[in-house]
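Those protein sequences? They're chains A and B, same order as listed. The first sequence begins at 8 in the numbering used here and counts up one residue at a time. The second sequence begins at 8 in the numbering used here and counts up one residue at a time. Input: a single structure, listed below in structure tokens.
There are 2 protein chains.
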Amino acid sequence: MSSVRVELGSRSYDILIGSGLLAQPASFACVARARASALVVSNTTVAPLYADRLQASLQPHYARVLRCVLPDGEQYKDWQTLNLVFDALLAQHCDRRSVVYALGGGVVGDISGFAAACYMRGVDFVQVPTTLLAQVDSSVGGKTGINHPAGKNMIGAFHQPRLVVADSEVLRSLPRRELQAGLAEVIKHGAIADLEFFAWLEHHLDDLLALDAPAVAHAVHRCCSIKARIVSRDETESGARALLNFGHTFGHAIEAAMGWGRWLHGEAVAAGMVVAAELSVSLGLLDRQILSRLRELLLRAGLPVQVPALPVARYLDLMRVDKKAEGGTLRYVLLDALGSARLAAAPDALVTEALCAHGALAQADA
Amino acid sequence: MSSVRVELGSRSYDILIGSGLLAQPASFACVARARASALVVSNTTVAPLYADRLQASLQPHYARVLRCVLPDGEQYKDWQTLNLVFDALLAQHCDRRSVVYALGGGVVGDISGFAAACYMRGVDFVQVPTTLLAQVDSSVGGKTGINHPAGKNMIGAFHQPRLVVADSEVLRSLPRRELQAGLAEVIKHGAIADLEFFAWLEHHLDDLLALDAPAVAHAVHRCCSIKARIVSRDETESGARALLNFGHTFGHAIEAAMGWGRWLHGEAVAAGMVVAAELSVSLGLLDRQILSRLRELLLRAGLPVQVPALPVARYLDLMRVDKKAEGGTLRYVLLDALGSARLAAAPDALVTEALCAHGALAQADA
Chain A
8 MSSVRVELGS RSYDILIGSG LLAQPASFAC VARARASALV VSNTTVAPLY
58 ADRLQASLQP HYARVLRCVL PDGEQYKDWQ TLNLVFDALL AQHCDRRSVV
108 YALGGGVVGD ISGFAAACYM RGVDFVQVPT TLLAQVDSSV GGKTGINHPA
158 GKNMIGAFHQ PRLVVADSEV LRSLPRRELQ AGLAEVIKHG AIADLEFFAW
208 LEHHLDDLLA LDAPAVAHAV HRCCSIKARI VSRDETESGA RALLNFGHTF
258 GHAIEAAMGW GRWLHGEAVA AGMVVAAELS VSLGLLDRQI LSRLRELLLR
308 AGLPVQVPAL PVARYLDLMR VDKKAEGGTL RYVLLDALGS ARLAAAPDAL
358 VTEALCAHGA LAQADA
Chain B
8 MSSVRVELGS RSYDILIGSG LLAQPASFAC VARARASALV VSNTTVAPLY
58 ADRLQASLQP HYARVLRCVL PDGEQYKDWQ TLNLVFDALL AQHCDRRSVV
108 YALGGGVVGD ISGFAAACYM RGVDFVQVPT TLLAQVDSSV GGKTGINHPA
158 GKNMIGAFHQ PRLVVADSEV LRSLPRRELQ AGLAEVIKHG AIADLEFFAW
208 LEHHLDDLLA LDAPAVAHAV HRCCSIKARI VSRDETESGA RALLNFGHTF
258 GHAIEAAMGW GRWLHGEAVA AGMVVAAELS VSLGLLDRQI LSRLRELLLR
308 AGLPVQVPAL PVARYLDLMR VDKKAEGGTL RYVLLDALGS ARLAAAPDAL
358 VTEALCAHGA LAQADA
């Protein structure tokens with residue numbers, strides 16, 4: 008078992024990484040509350056696999072361990088589903104000392120964390136991510152929220168977990184497509200912040216695809232360390248934290264255009280990173296050879312490197328409501344080099360070119 | 008014009024108190040943002056009276072000044088109404104630099120503040136309270152949220168405004184019933200924290216009912232000073248701030264039992280304070296003569312001093328989901344003396360007696 012500390016003053020917390028952590032009550036000892044309730048929030052896919060195991064590990068620590076099962080899928084990341092968590096908390100008379108456990112992927116984590124942020128104006132929560140994507144990215148950093156028909160994650164809160172428990176064993180039940188989607192975020196961490204890790208990924212991608220235990224543990228630890236360092240410096244994304252959104256401006260537009268849930272988040276981010284790297288090349292920031300290395304690695308991971316064939320204007324419209332649009336000007340996360348990113352504006356003409364170079368339809372084709 | 012500072016480190020802000028502030032652009036200069044949007048959120052009652060005036064004062068400070076009008080009433084303090092604010096922000100492509108202005112009473116302030124807390128994980132907001140209750144209480148301190156069918160303010164956030172502008176002039180359009188409801192919170196501030204102010208209220212209640220300008224300004228300033236001092240010490244209600252809930256545990260139960268919006272919040276708090284004072288007397292904390300003075304002052308303000316004639320069990324059930332129930336034990340705000348309060352548990356038998364002494368039906372009557 009290894010751990011990574013997220014330093015945030017009184018809201019600091021640990022990420023525990025290892026195999027079999029879910030089955031060990033000791034993993035959760037630091038959030039024990041003998042007189043309070045724990046509510047395990049999961050979904051219809053994950054609950055049958057792991058909720059009993061987690062509940063058994065929590066039993067020694069709480070007066071009551073309750074369960075709330077949500078429908079599975081990004082398309083349910085909405086108010087109706089969020090309200091199921093509030094209903095469960097209220098029906099069971101959970102008070103301010105209750106602790107919410109998010110057992111699942113990014114959607115379960117985002118909804119549960121937001122429910123914890125809002126219930127009685129804030130209760131504690133713990134992330135127990137069961138997807139690679141959630142283990143390396145979404146469970147760390149306190150971003151919580153739901154989607155609005157007009158945009159992804161438009162409604163939410165910064166609410167840090169008290170603990171993150173990343174059990175590598177649970178990744179064994181992950182469908183291959185979701186594993187691949189998680190690799191997109193793993194590759195992202197290397198691309199924006201860690202040249203050495205990117206090179207490691209080029210050598211060890213097959214080990215990760217085969218779920219080789221030491222390789223997975225190394226990748227999760229490395230990604231969490233990178234993310235923890237960035238979040239500690241910029242909790243609410245006024246600066247450096249925005250770099251973690253590499254590929255996300257284009258990725259969100261893909262997800263919105265296709266309908267939430269059709270493309271997995273990681274898949275959309277993969278194609279989005281290719282477009283963002285193309286934009287970096289055309290702005291003269293990045294060597295084209297780096298774009299090729301990034302594209303190659305994503306391809307090897309079985310990820311899409313083209314955006315869906317939709318009119319480029321549709322993408323531009325969707326990106327304008329993306330939350331990174333400040334004062335009307337979109338800013339993009341761009342690569343300077345492998346392992347180094349920056350935030351900058353770009354002319355619409357170049358953005359259009361970059362999108363069209365990787366799958367979008369130019370106006371004339373539409 | 009006078010001002011009260013709420014000291015909360017980097018989130019400190021001023022409460023401006025005076026006559027005619029709404030019509031003066033200078034009142035809002037400290038939150039000016041030349042390249043961003045302001046969204047004025049109001050309701051169908053207040054918008055026709057004051058939205059034009061506020062928008063004109065904001066015009067010099069923002070690129071765009073938008074408006075969102077909500078239905079009026081506590082029964083609309085729900086997700087559907089909250090979503091109208093999100094819809095307006097998204098339809099107008101408002102970004103993270105936008106500022107939300109809450110123009111109205113406590114419901115508008117709570118909904119708008121919660122919308123600001125959640126939109127893109129948090130944008131700034133300004134309170135422009137138009138009721139006495141909002142000016143002396145709900146606009147200060149950053150409590151925001153909405154109701155759930157199972158309980159009042161169950162879903163929300165602590166999100167401090169950047170500025171509060173309390174214009175005494177707008178109180179002239181307030182229906183007498185709402186003015187009286189506001190006086191309940193004014194009297195509460197004296198009862199829990201300021202003996203001298205309570206005595207002042209006994210002498211000047213008629214001036215307040217007549218909306219005598221210097222008297223109103225003094226009362227608003229006094230209440231805001233008391234609340235600012237308490238909030239500065241305990242922003243998230245882990246201790247002293249709970250004392251501001253004097254009368255609220257019973258009051259919320261009244262509001263829930265009658266259906267949100269049937270009793271005004273201040274009316275419910277008035278009757279709730281009488282029950283809480285009765286409980287203080289029966290626990291041997293308070294002299295019965297103080298209860299009489301409190302009851303007398305509330306009566307002179309035209310406020311109810313009896314709870315609705317409902318079975319006492321109904322009240323107890325509703326109070327158990329109230330957010331002050333910790334580890335299953337309800338804690339009540341009780342008076343030690345005029346101007347001094349404390350938080351304590353009380354046996355159900357005494358709570359039942361106190362409720363029945365002031366209007367609730369004992370089991371046998373039901």
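Backbone N, C-alpha and C define an ideal beta-carbon position, used for all residues, glycine too.
It is roughly 31 Å from the alpha-carbon of ALA278 of chain A to the alpha-carbon of SER26 of chain A.
If you draw a straight line from the Cα of CYS230 of chain A to the Cα of HIS255 of chain B, it is about 47 Å long. Ranked by Cα distance from LEU341 of chain B, the first of B:LEU304, B:LEU286, B:ASP294 and B:GLN296 is B:LEU286. Nearest CB-CB separation between TRP86 of chain A and chain B: below the 8 Å threshold. Boundaries for GLN31 of chain B: no alpha helix (DSSP H) harbours it, and the DSSP string shows neither H nor E there.
Under DSSP, LEU23 of chain B takes part in a beta bridge, and its partners are B:SER10 and B:VAL172.
Between the C-alpha atoms of LEU208 of chain A and ILE194 of chain A there is a straight-line separation of about 7 Å.
Taking 8 Å as the threshold, the shortest C-beta distance from MET127 of chain B to chain A falls below it. LEU350 of chain A is bridged by DSSP to A:VAL340.
In the displayed model, PRO221 of chain B falls within a helix according to three-state DSSP. With contacts defined by Cβ atoms closer than 8 Å, PRO168 of chain A and GLY189 of chain A do not form a contacting pair. Three or more Cβ pairs closer than 8 Å define a contact, and the stretch 30 to 49 of chain B meets that threshold against the stretch 69 to 76 of chain B. With 16 or more neighbouring CB atoms inside 10 Å of its own CB, ASP144 of chain B falls in the buried class. In chain B, no part has a C-beta under 9 Å from the C-beta of LYS159 of chain A; the shortest such distance is about 11 Å. For the 8 Å CB-CB criterion, ARG327 of chain B and ALA264 of chain B do not form a contact. The shortest C-alpha to C-alpha distance from ALA124 of chain A to any of A:ARG12, A:VAL177, A:GLN187 and A:LEU89 is the one to A:LEU89.
Around the beta carbon of GLN62 of chain B, a 10 Å sphere encloses 16 or more other beta carbons of the protein chains shown; the residue is thus reported as buried. Note on GLN66 of chain A: under 16 other CB atoms within 10 angstroms of its CB, so exposed under the neighbour-count rule.
Under the three-state reduction of DSSP output, VAL147 of chain B falls in the coil class, being neither helix nor strand. Residue pairing for HIS155 of chain A: DSSP places it in a beta bridge opposite A:GLY158. Per DSSP, the continuous alpha helix (DSSP H) segment holding VAL319 of chain B begins and ends at 319 to 327.
For a Cβ distance threshold of 9 Å, nothing in chain B lies close to ILE22 of chain A: the least Cβ distance comes to about 21 Å. Close CB contacts of PRO315 of chain A within its chain, under the 7 Å cut and outside five residues either way in sequence, are with ILE261, ALA264, MET265 and GLY366 (chain order). Close partners of LEU97 of chain B in chain A (Cβ separation under 7 Å): HIS155, ALA157, GLY158, MET161 and VAL328. Look at the stretch 188 to 209 of chain A: it has no residue with a C-beta under 9 Å from a C-beta of chain B. Annotation for ALA224 of chain A: SER9, ILE24, GLY25, SER26 and SER175 place their beta carbon closer than 8 Å to its own, counting only its chain and skipping 5 residues before and after.
Distance from LEU357 of chain B to LEU290 of chain B at the Cβ level is roughly 7 Å; contact confirmed, criterion being Cβ atoms closer than 8 Å. Closest by C-alpha distance to SER146 of chain B, out of B:MET127, B:GLY158, B:HIS155 and B:LEU170, is B:LEU170. Between ARG269 of chain B and the set B:GLU81, B:VAL13, B:HIS68 and B:ASP21, the nearest pair of CA atoms involves B:GLU81. The stretch 155 to 167 of chain A and the stretch 212 to 228 of chain A do not touch, with fewer than three beta-carbon pairs separated by less than 8 Å. For LYS234 of chain B, no CB of chain A lies under 8 Å from its own CB, so it is not counted at the interface with that chain. Going by beta carbons, LEU250 of chain A and ILE237 of chain A fall inside the 8 Å limit. DSSP places LEU190 of chain B within a helical segment (H, G or I) once states are collapsed to three. Shortest Cα-Cα distance from PRO182 of chain A to any of A:GLU192, A:LEU140, A:ILE153 and A:ILE162 involves A:LEU140.
Closer than 8 Å to the CB of PHE132 of chain A there is not a single CB belonging to chain B. Listed by position along chain B, the residues whose Cβ is nearer than 8 Å to that of GLY246 of chain A form an empty set, because the closest Cβ is around 13 Å away.
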